[in-house]
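Q: First the structure, then my questions, so here it is.
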Ligand SMILES: [Zn+2]
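Numbering (the numbering used here), first residue to last: 9 to 419.
Written out as structure tokens, the structure is:
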């Protein structure tokens, strides 16, 4: 874990991030600890630049927290059983478990290459079927959930009652209107027209076994968990509730993150997370980069083609974490060129160790204000033009930006 503790400047400086739920106001962790749950991947077609951008955004937040002297705890899931994964496995004629394992391995390798700090807990859903089923059972007992006949199989599906009045209005956490909620429910496979639903928005908590699909024994009958409740249960088990930040890509804001918040209330929490953060989406060739559209730029492909992971990292950090943007040809080459300039600078160390000039305060000022990574990169550019490379600056670029100029290869 990189640390700037030896420099000592960061203690007490509190990083802020801007939260959509609070009209974009800056939010600062209150206590000595900070915790974050990040929604992980569904392991197929890993890891495209949209994924990498999301995980880098929250990696930056983790690094800034650590630099500020906070005690940090992070957790992430892997949705290693879900419809899109099963569909892909069926299409390619492979076992879904093998597909999930291979893609999780690739994701781990990509994240390690990009120097994204691994979460303290990385939990696959298939490891937590029992506690998830117990949570769903509790929601049935409290009346927060209800059953519907599976229809095409024996057994019952369990649905969450989204219309039940709770502490927060549905949609408030994601700033989503009624019409948008309905549209997004449809887009994410929430089946709003299913007969018998109390509200069209009601998501699945437990899916009864269907022929040919994986299923586990539970008091609810054989089946498998719904998508949102898995994250709720894993986050609450690993971090407690409320934890500091619920993080994910902006396309997860509704229904996924919103439903997690409501599931947590139904499970007795007063609040799921203090803050909900959504990283911007990356487009390519005019459309959001997504598995369903097939317009993916994969980190592993770029690496195979010879891109240095540090350059991929710089290319992504050159966009603000909350903005939507489009990957353009030429961005990678620009980042490679920037990396070369930084390496040339780092190769000539400062000869006077008593100098107190350093890029450290500039990195802290830019990153502590809503994680402004593009400004942080520009600060390094400017500093490299006017001062030699001192140890403190190199350590800070490593710890805060995740670029170790003492280790990266020159082209
Ligand atoms: Zn999630």
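Cβ coordinates follow ideal geometry from the N, Cα and C atoms, glycine included.
Residue 251 bridges to which residues according to DSSP?
A: Paired residues: 281.
Q: Rounding to the nearest angstrom, what Cα-Cα distance links residue 90 and residue 206 in this structure?
A: Those two C-alpha atoms are separated by around 24 Å.
Q: Inspect the CB distances between the region 156 to 163 and the region 211 to 221 and report whether three or more fall short of 8 Å.
A: Result yes; three or more Cβ-Cβ pairs closer than 8 Å.
Q: Just to confirm the assignment, what range does the alpha helix (DSSP H) spanning residue 416 have?
A: Where residue 416 is concerned, there is no enclosing alpha helix (DSSP H), given that its DSSP letter is neither H nor E.
Q: Take the Cβ of residue 137 as the centre, count every other Cβ of all protein chains shown within 10 Å, and call the residue buried at 16 or more, exposed below.
A: Classification for residue 137: buried.
Q: Give a yes or no on contact between the region 64 to 73 and the region 312 to 328, applying the rule of three or more CB pairs nearer than 8 Å.
A: Output reads yes: the region 312 to 328 touches the region 64 to 73.
Q: Could you tell me which of 97, 145, 151, 93 sits nearest to residue 133, measuring between CA atoms?
A: Of the listed residues, the one whose Cα sits closest to residue 133 is 93.
Q: Is it true that the CB of residue 358 sits closer than 8 Å to the CB of residue 398?
A: Contact: yes.
Q: Among residues of its own chain, excluding the 5 on either side of residue 277, which ones have a beta-carbon nearer than 8 Å to its beta-carbon?
A: Excluding positions up to five away in sequence, the list reads 244, 249, 250.
Q: Buried or exposed: residue 418, going by 16 or more other Cβ atoms within 10 Å of its Cβ?
A: Answer is exposed; the Cβ neighbour count stays below 16.
Q: Excluding sequence positions up to five away, which residues of its chain have a Cβ less than 7 Å from the Cβ of residue 228?
A: If we look at residue 228 and ignore the five residues flanking it on each side, its Cβ neighbours are 141, 144, 145, 166, 214.
Q: Looking at residue 287: is its Cβ nearer than 8 Å to the Cβ of residue 329?
A: Yes. Within cutoff.
Q: Going by alpha carbons, who is nearest to residue 152 out of 169, 164, 162?
A: With distances taken between Cα atoms, residue 152 lies closest to 169.
Q: Please indicate yes or no: does the CB of residue 59 lie closer than 7 Å to some heavy atom of ligand 1?
A: False, no ligand heavy atom lies under 7 Å from that Cβ.
Q: Counting beta carbon pairs with one atom in the region 382 to 393 and one in the region 341 to 356, are three or more of them shorter than 8 Å?
A: Yes, since at least three Cβ pairs between the region 341 to 356 and the region 382 to 393 fall closer than 8 Å, the two stretches touch.
Q: Between the alpha carbons of residue 40 and residue 54, how many angstroms are there, rounded?
A: Using only the alpha carbons, I get a separation of about 35 Å.
Q: Output the distance between the C-alpha atoms of residue 198 and residue 263, rounded to the nearest integer angstrom.
A: Going by the C-alpha atoms only, they are around 9 Å apart.
Q: Please tell me whether, using a cut-off of 7 Å, the distance from the CB of residue 197 to the nearest non-hydrogen atom of ligand 1 is below it.
A: It does not: the Cβ of residue 197 is nowhere closer than 7 Å to a heavy atom of ligand 1.
Q: Taking just the CA atoms, how far does residue 226 sit from residue 241?
A: The straight-line gap from Cα to Cα measures roughly 16 Å.
Q: Are at least three pairs of beta-carbons, each pair with one atom in the region 114 to 133 and one in the region 173 to 183, less than 8 Å apart?
A: No, the region 114 to 133 does not touch the region 173 to 183.
Q: Look at the alpha carbon of residue 402 and the alpha carbon of residue 367, and state the distance between them as a whole number of angstroms.
A: Rounded to the nearest angstrom, the two C-alpha atoms are 9 Å apart.
Q: Residues around ligand 3, please: the condition is that the C-beta lies closer than 5 Å to some non-hydrogen atom of it.
A: Because ligand 3 does not appear in the structure shown, any question about it cannot be addressed here, the ligands present being ligand 1.
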